[in-house]
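>
In UniProt numbering, the protein residues as written are 1 to 159.
(1) Grab the span of the alpha helix (DSSP H) containing residue 91 for me, first residue to last.
(2) Can you list, in chain order, the residues of its chain whose CB lies under 8 angstroms from that of residue 159, leaving out five sequence neighbours each side?
(3) Would you tell me roughly how many angstroms separate the C-alpha atoms of residue 151 and residue 120, rounded to the nearest one?
(4) Could you compute how far the alpha carbon of residue 110 sits from the alpha carbon of residue 50?
(5) With 16 as the cutoff for other CB atoms within 10 Å, does residue 127 come out buried or exposed?
(6) Count the other CB atoms, across all protein chains shown, that sit within 10 Å of the CB of residue 90; report buried if there are 16 or more and exposed otherwise.
(7) What first and last residue would you give for the beta strand (DSSP E) that runs through residue 9?
(8) Going straight from the alpha carbon of residue 112 to that of residue 144, what length do you get?
(9) What are the boundary residues of the alpha helix (DSSP H) that residue 16 is part of?
Here is the structure:
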């Protein structure tokens, strides 16, 4: 069985600012600093561009699994789009044969944008009843990013 899920979150910062966070490894570093979702991220290969491989260790209780490896498969700075695919552990150990996440920063106007997260997946038929394909994790990630971006904007405006 295959499917697709999406989550959108509006942020009152320019798309270029949000993309600064999402475009390379900034979001990964932020998730570790914030600590409620991801405990540790190791860069196995790359610098945040296409082909980069990350090993994520999730915080206890934040998700149904502990570790997974992800590979950045697409990166388009003009379209503000980045795609990653789980290549080991995590969702693949839970019955998924494909688990891909695409982050897009969509400009709404000069001072706001939408963080759009799309999940594409394939899951083995026997695992369908127990699979947990949902947008909870990308929604949490978007909220962490939004809070950081808004806080940063407030700090810059105060300076």
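We treat Cβ as the ideally placed atom computed from N, Cα and C, and that holds for glycine.
On the basis of the coordinates in this document:
(1) It is not in any alpha helix (DSSP H) - residue 91 carries neither H nor E in the DSSP assignment.
(2) In this predicted model, residue 159 has a pLDDT of only 48, less than 50, meaning its place in the structure is not dependable; the value taken from the coordinates is given anyway. Taken in chain order, the list of residues that qualify is empty.
(3) 31 angstroms
(4) 28 angstroms
(5) Looking at its Cβ environment, which holds fewer than 16 other Cβ atoms inside 10 Å, residue 127 is exposed.
(6) buried
(7) Looking at the DSSP string, the run of the beta strand (DSSP E) that includes residue 9 is 2 to 11.
(8) 16 angstroms
(9) 15 to 22
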